[in-house]
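Participant: Mapping of the sequence shown onto the numbering used here: position 263 corresponds to residue 1501, and the numbering continues sequentially without gaps.
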Amino acid sequence: MSSSNPYMPSMVKIIDVTEETKDTKTIKLTFVDDEVRNKFSFKPGQFNMLTVLGVGEAPLSISSDPGEKEYFSHTIRRVGNVTGAITKLCVGDTFGARGPYGNGWPMDKIQDKNILIIAGGIGLAPLRPVIYSIKNERENYGKMEILYGARTPGDCLYRREYDEWKKIPHTRLLLTVDSVPEGMEWEHDVGVVTLLFDKISLNPTETAVLICGPEIMMKFSVQKLLEMGFKDKDIYLSMERRMNCGISKCGLCQIGPKFVCQDGPVFSYFELCNLTEKIF
């Protein structure tokens, strides 16, 4: 960012707002300062600290295509004071952002492998940049399968993009919801996301798995994946928990010797199993 103070945000302006669900919006942003905008880039899985003056700040994963240089996006669910304040803003309004932070998904390390993406609810947001990165560099990756679960059809994120994703070469998209309200149309599966695992066609020994969602979903997903023959070193999870400062100074996100905001938020399951603190 433009300041030597690591806690000082730069101003961003809202250039577009998309209603995803009844409580979630995707907000497209650009930096007000041209120099900051031109220098900004991010890796899939990294996050920014978003600041609303007089309210506070919160860590939010970047959810846009990393190939886009003029803007970036955050998909924000109203769950607290900061996210509530941001989702009330309109096009043209400004607030603060600093980042990006974190290690992100290991896109270089998983090249030439098949990619299995497993997401639950808002957990699809930090995985959306992975989908577009693979689309932009399709020749560098094997087959891709996307498994996504949400509470109801109305809670599914990015529905307008599903047809585009399915057109990416060698890509499958499998969807499920916990329940379908009466009168709502749904042509996909009903049940928890692990029910889709029987439809996975990828070879476990040739596949990297990227998972983000509620911890209970990630726990049971990992258990079943290991039973299916996927390797613990090839299973990656985004552990977006308790982050506060974004630069490993406050210690709130510490897991054993690791800081989620600096060493993560992405860890392999092998790494998590070797920490002193039990994760699942």
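Glycine residues also receive a C-beta, built at the ideal position from the N, C-alpha and C atoms.
Quick check on Met1239: buried or exposed, where buried means 16 or more other Cβ atoms within 10 Å of its Cβ?
Facilitator: Caution applies to Met1239, whose pLDDT of 46 falls short of 50 and renders its modelled position unreliable; the value that the coordinates give is listed next. Buried is the call here.
Participant: Report the residue ranges of all beta strand (DSSP E) runs contained in full by the segment 1420-1504; include only those spanning at least 3 residues, in chain order.
Facilitator: Complete beta strand (DSSP E) runs here, min 3: 1445-1450 and 1473-1476.
Participant: Assign His1408 to one of two classes, buried (16 or more other C-beta atoms within 10 Å of its C-beta) or exposed (fewer than that).
Facilitator: Exposed.
Participant: Kindly give me the distance between the Cβ atoms of Leu1362 and Leu1440, rounded to whole angstroms, as I take these residues to be in contact under 8 Å.
Facilitator: About 19 Å; that fails the 8 Å criterion.
Participant: Inspect the beta-carbon positions of Gln1500 and Ile1517 and report whether they are closer than 8 Å.
Facilitator: Taking 8 Å as the Cβ cut-off, Gln1500 and Ile1517 do not qualify as a contacting pair.
Participant: Quick one: give me the first and last residue of the alpha helix (DSSP H) that Asn1276 is part of.
Facilitator: Taken as a continuous stretch (DSSP letters only), the alpha helix (DSSP H) holding Asn1276 covers Asp1272 to Lys1277.
Participant: When you compare each of Tyr1474, Tyr1386 and Gly1305 to Thr1432 by their alpha carbons, which one comes out closest?
Facilitator: Closest by alpha carbon: Tyr1386.
Participant: Do the segment 1444-1451 and the segment 1393-1409 make contact, defined as three or more Cβ pairs closer than 8 Å?
Facilitator: Segments in contact, no.
Participant: Asn1352 by DSSP, collapsed to three states: which one?
Facilitator: The answer is strand: DSSP assigns Asn1352 an E or B state.
Participant: Measuring CB to CB, does Leu1413 end up less than 8 Å from Asp1393?
Facilitator: The answer is no: Cβ separation not under 8 Å.
Participant: Note down the Cα distance separating Asn1512 from Glu1423, rounded to an integer number of angstroms.
Facilitator: Their backbone Cα atoms lie some 45 Å apart in a straight line.
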